[in-house]
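Per my numbering, residue 2 is the first one in the sequence shown, and the count goes up by one each step. Ideal placement from N, C-alpha and C gives every residue a C-beta, glycine not left out. A short write-up of the structure that comes next.
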Amino acid sequence: MFEFTAEQIALRDSTERFAQAELNDEILKNDADGTFARAAWQRCAKIGLLGMPIPAVYGGSPTDAVTTMVALEALGYGCRDNGLIFSLNAHLWAGASPIVKFGTEAQRERYLPAMCAGEIIAAHGMSEPGSGSDAFALSTTAVRRGDRYLINGSKTFITNAPVADVFLVFATSDRKRGFAGVSAFLIDRDTPGLRVGEAITKMGLRTSPMSEVYFDDCEVPAANLLGPEGAGAAIFNWTMERERSFILAPALGTMRRDLERCIAYARSRKQFGRSISANQAVSHRLVDMKLRLDSSWLLLYRLGRTIDSGRPTGLEAALAKLSVSENFVQSGLDAIQVHGAYGYTAEYEVERDLRDALAGRLYSGTSEIQRNLAARHLGLH
Ligand SMILES: Cc1cc2nc3c(=O)[nH]c(=O)nc-3n(C[C@H](O)[C@H](O)[C@H](O)COP(=O)(O)OP(=O)(O)OC[C@H]3O[C@@H](n4cnc5c(N)ncnc54)[C@H](O)[C@@H]3O)c2cc1C
Numbered sequence: 002m003f004e005f006t007a008e009q010i011a012l013r014d015s016t017e018r019f020a021q022a023e024l025n026d027e028i029l030k031n032d033a034d035g036t037f038a039r040a041a042w043q044r045c046a047k048i049g050l051l052g053m054p055i056p057a058v059y060g061g062s063p064t065d066a067v068t069t070m071v072a073l074e075a076l077g078y079g080c081r082d083n084g085l086i087f088s089l090n091a092h093l094w095a096g097a098s099p100i101v102k103f104g105t106e107a108q109r110e111r112y113l114p115a116m117c118a119g120e121i122i123a124a125h126g127m128s129e130p131g132s133g134s135d136a137f138a139l140s141t142t143a144v145r146r147g148d149r150y151l152i153n154g155s156k157t158f159i160t161n162a163p164v165a166d167v168f169l170v171f172a173t174s175d176r177k178r179g180f181a182g183v184s185a186f187l188i189d190r191d192t193p194g195l196r197v198g199e200a201i202t203k204m205g206l207r208t209s210p211m212s213e214v215y216f217d218d219c220e221v222p223a224a225n226l227l228g229p230e231g232a233g234a235a236i237f238n239w240t241m242e243r244e245r246s247f248i249l250a251p252a253l254g255t256m257r258r259d260l261e262r263c264i265a266y267a268r269s270r271k272q273f274g275r276s277i278s279a280n281q282a283v284s285h286r287l288v289d290m291k292l293r294l295d296s297s298w299l300l301l302y303r304l305g306r307t308i309d310s311g312r313p314t315g316l317e318a319a320l321a322k323l324s325v326s327e328n329f330v331q332s333g334l335d336a337i338q339v340h341g342a343y344g345y346t347a348e349y350e351v352e353r354d355l356r357d358a359l360a361g362r363l364y365s366g367t368s369e370i371q372r373n374l375a376a377r378h379l380g381l382h
């Protein structure tokens, strides 16, 4: 069922080699300083990684879901900068993909070629100080004035905001209508009334910039509405399912890399006159890491197959996101334990993977929300 084609294997190998050679400059320093690797972003654009969900007519290099997951897993294996990969995924799935799916021809032509080329970076603005998991309780408003909308409010935790050129922003025209009052807008960074706040300091994914975004009588042409007025909820739900399907594919590669390092370390590290791997407590931990990696891998590629078959993926996407994110965290904890105090140091780089992994339980819907979604699909509530 999961035999890859020769082309997919070649893509995996070349992406791993590219990522290892081109995307790991100054990773310890960038993590410490919270620096976004702009030059690495451009290198990703050059080899087509920013064009994966974008049709060729707009400069993209579209692939099916399984092939995309193969490339992302390889990226996670070769690139040790999880923040860069996270920013790239946010751009692809929460920025470019909804424009491909819901954009007008003019919007696609305006944004997609530049997004593929690395010239325009996208950010997605839904979360607000008062609405996170309960996303449709948002209070940012959009009031129509002739051929424009006036946007007022603020968004928080916006990935890429400090470096973004365009924001996909959700706002309500009528709070009483709940999700039916929500619309989506493409707002350029230089639009008067839009202000990007100070960068938010985070425990992990520190190379992926994040900030608040404020809208103060921000005038947006009606032509920047994405989809029809009132379609914001459908666009957001589609986008989140897409994002949660792909955003953790690189974590499979990171977990595989960490497991290989742990096995090599456990074999070479000697205590009490023998390798620590000779202790069952250590070898069982490594087996459990492998088991969690493989079970997440199977769930994710099952999801990829389901996407490619055109069948609904609500349950599969929630389960895969839940499994990979939780296993990524446990894998990070295990990697530190196997490395002892060395694992607790920045130099050994496994502590960073744990800090980065913890965010996976929160973004694109928390683990609790994934369980709620799965429960709904099982007919429980
Ligand atoms: C690294 C990172 C990047 C992000 N990037 C973006 C971005 O680009 N754009 C954007 O719009 N947002 C972004 N977010 C925000 C993210 O979408 C929210 O953090 C998420 O939706 C949860 O909202 P919250 O943090 O306000 O938590 P809350 O919703 O306040 O939840 C707090 C706790 O309560 C639990 N909880 C809440 N409701 C329920 C329920 N009904 N059942 C069970 N448990 C519940 C949650 O699971 C959580 O454990 C990002 C977050 C992170 C960490």
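C-alpha gap between residue i and residue j, whole angstroms
i, j, result
"glutamine 9", "aspartate 65", "11 Å"
"alanine 319", "phenylalanine 273", "45 Å"
"proline 193", "serine 140", "20 Å"
"arginine 207", "serine 132", "23 Å"
"glutamate 120", "histidine 92", "12 Å"
"alanine 11", "phenylalanine 5", "10 Å"
"phenylalanine 19", "asparagine 373", "39 Å"
"threonine 202", "threonine 240", "26 Å"
"methionine 127", "phenylalanine 3", "36 Å"
"alanine 342", "methionine 204", "20 Å"
"methionine 1", "glycine 182", "This structure leaves residue 1 out entirely; the chain is present only between 2 and 382."
"glycine 179", "leucine 227", "18 Å"
Under 7 Å between C-beta atoms of residue i and residue j
i, j, result
"glycine 361", "leucine 249", "yes"
"isoleucine 236", "phenylalanine 103", "yes"
"glycine 233", "serine 174", "no"
"glutamate 23", "arginine 39", "no"
"phenylalanine 168", "isoleucine 188", "yes"
"leucine 292", "glutamate 74", "no"
"alanine 97", "proline 56", "no"
Beta-bridge partners of residue i, as assigned by DSSP
i, result
"glutamine 9", "Bridge partners of glutamine 9: none, in fact."
"cysteine 219", "Ile152"
"alanine 185", "Phe171, Leu227"
"leucine 196", "The sequence shown places arginine at residue 196, not leucine. According to DSSP, arginine 196 bridges with Tyr215."
"glutamine 272", "Arg275"
Cβ-based burial, residue i [other Cβ within 10 Å; buried from 16]
i, result
"valine 58", "exposed"
"glutamine 281", "exposed"
"glycine 305", "buried"
"glutamate 17", "buried"
"glycine 333", "buried"
"tyrosine 345", "exposed"
"glycine 315", "exposed"
"serine 326", "buried"
"lysine 322", "buried"
"alanine 162", "buried"
"proline 251", "buried"
Contact with chain B by residue i, beta-carbon distance below 7 Å
i, result
"tyrosine 78", "Annotation note: the requested chain B is absent from the structure, which comprises a single protein chain."
Which complete beta strand (DSSP E) runs does the stretch 111-161 hold, if anything under 3 residues is left out? 123-126, 142-146, 149-160
Ignoring anything shorter than 4 residues, give me the alpha helix (DSSP H) runs that lie fully in the stretch 72-115, in order along the chain. 83-92, 98-103
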